[in-house]
Amino acid sequence: KPPYVSGTCTIPPGQLRLFFTDPNQNANFVDLKKDIPPERVEALNSACQPAMFGRDGEDVLDETYRRAGVLHPGEFSTGFCPTTLGIHHMVRDSLLEGSNSTRQVRMQLDKMNVYAEGAFFKAHKDTPRDSSMFGSLVVVLPVPHVGGALVLRHGGTEQKMDFSEALQTAEEPTIGYVAFFSDIEHEVLPVESGHRITLTYNLYFDDTEGESAARPASTTVAFHEAGLKRAIQAVIDDPSILPLGGYLGFGLRHQYPVKEGMGTDEFNNKLKGVDAALKRACSDLGLEWRLAILY
Numbered sequence: 013k014p015p016y017v018s019g020t021c022t023i024p025p026g027q028l029r030l031f032f033t034d035p036n037q038n039a040n041f042v043d044l045k046k047d048i049p050p051e052r053v054e055a056l057n058s059a060c061q062p063a064m065f066g067r068d069g070e071d072v073l074d075e076t077y078r079r080a081g082v083l084h085p086g087e088f089s090t091g092f093c094p095t096t097l098g099i100h101h102m103v104r105d106s107l108l109e110g111s112n113s114t115r116q117v118r119m120q121l122d123k124m125n126v127y128a129e130g131a132f133f134k135a136h137k138d139t140p141r142d143s144s145m146f147g148s149l150v151v152v153l154p155v156p157h158v159g160g161a162l163v164l165r166h167g168g169t170e171q172k173m174d175f176s177e178a179l180q181t182a183e184e185p186t187i188g189y190v191a192f193f194s195d196i197e198h199e200v201l202p203v204e205s206g207h208r209i210t211l212t213y214n215l216y217f218d219d220t221e222g223e224s225a226a227r228p229a230s231t232t233v234a235f236h237e238a239g240l241k242r243a244i245q246a247v248i249d250d251p252s253i254l255p256l257g258g259y260l261g262f263g264l265r266h267q268y269p270v271k272e273g274m275g276t277d278e279f280n281n282k283l284k285g286v287d288a289a290l291k292r293a294c295s296d297l298g299l300e301w302r303l304a305i306l307y
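Using this note's numbering, count along the sequence shown one by one with no gaps and you end on 307.
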């Protein structure tokens with residue numbers, strides 16, 4: 013599967029309302045629809061602080077690398093809820109694979125960003141908050157803008173997501189969304205005009221009992237995993253490969269947030285995508301496996 017899922021979704025008009033505090037500590041309100049007056053968007057932009065980003069474990073401000081405004085939870089309130097729209101099901105069904113596709117997904121609001129004309133964010137990767145965080149969800153609101161496309165890069169491929177035209181031509185209130193794994197490099201291209209306003213959610217595995225536990229895994233995923241198991245079995249059965257015994261090593265395709273002193277066992281049930289499929293294939297074949305960090 014691709015390491016991302018994207019799409020558009022119509023929403024009730026009330027979910028576009030946003031309350032915030034202006035620089036004078038006065039309560040303010042905007043309705044982030046496609047015909048919003050420019051002065052209302054600018055009022056929201058003026059309430060934002062310059063956005064920082066993670067570098068070497070620290071939050072830094074560098075407007076040559078990122079130029080955008082930000083409000084954090086507690087500084088604004090919105091009626092938008094991705095769970096009521098079923099986006100968490102899209103993430104689970106289209107992004108996660110195998111047994112991970114039956115796990116609960118929790119979406120935690122992280123921030124709101126305003127990218128005004130000339131704003132951008134150069135290529136970077138997200139900093140996971142903890143080992144249960146596996147990705148991010150970016151929701152693009154239907155405020156008029158040109159440019160500001162989100163570019164995803166992974167494994168030598170590149171995908172550009174630009175919802176600006178689709179959101180403006182939609183007959184009903186519509187948002188765009190992109191969910192992707194934390195280790196996917198991404199970039200926000202410069203906004204040419206208007207304001208690109210986004211809500212960002214951190215995606216976590218939430219392994220509490222619930223309806224997801226009984227959901228079957230995708231038959232398409234099962235088909236591909238069967239092929240993976242056959243390939244590994246063929247290597248094991250080939251007498252010319254490791255005739256005296258030994259180890260098979262596989263490089264992981266995704267990156268994981270390993271902190272100093274952390275054991276690799278903590279990630280046994282938090283592998284993503286093809287990494288998780290490889291783990292399941294080895295287990296199904298009765299092979300002993302472990303994660304190792306090589307320097």
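Ideal Cβ positions, reconstructed from N, Cα and C, are used throughout, including at glycine.
As the crow flies, the alpha-carbon of Gly298 is around 17 angstroms from that of Asp287.
If you keep only unbroken beta strand (DSSP E) runs of at least 3 residues inside the segment 85-140, you get 88-90, 117-127, 132-136. Between Leu83 and Asp249, the alpha-carbon positions lie close to 57 angstroms from each other.
The residues Val42, Val155, Pro156, in chain order, have a CB closer than 8 angstroms to that of Ile48 in the same chain once the five nearest residues on each side in sequence are set aside. Inter-residue distance for Gln171 and Leu256 is about 45 angstroms (C-alpha atoms, whole angstroms). One thing to note: Phe175 has its Cβ within 8 angstroms of the Cβ of Val152. Taking C-beta atoms under 8 angstroms as the contact rule, Thr212 and Asn125 qualify, at a distance of about 7 angstroms. With fewer than 16 other Cβ atoms inside 10 Å of its own Cβ, Arg242 counts as exposed. In the three-state reduction of the DSSP assignment, Thr181 falls in the helix class. Burial state of Leu254 is exposed, judged by a 10 Å Cβ sphere holding fewer than 16 other Cβ atoms. Excluding residues up to 5 positions away in sequence, Ile253 lie with their Cβ nearer than 6 angstroms to the Cβ of Val247 in the same chain.
Put simply, the backbone Cα of Tyr77 is about 14 angstroms away from that of Val203.
DSSP assignment within the segment 153-218 yields the following whole beta strand (DSSP E) runs of 3 residues or more, N-terminal first: 157-159, 162-166, 169-173, 186-193, 197-200, 203-206, 208-217.
Secondary-structure assignment with DSSP links Gly147 through a beta bridge to Phe193, Leu215. Judged by their CB atoms, Phe262 and Leu215 are not nearer to each other than the 8 angstroms cut-off. Note on Arg292: 16 or more other CB atoms within 10 angstroms of its CB, so buried under the neighbour-count rule.
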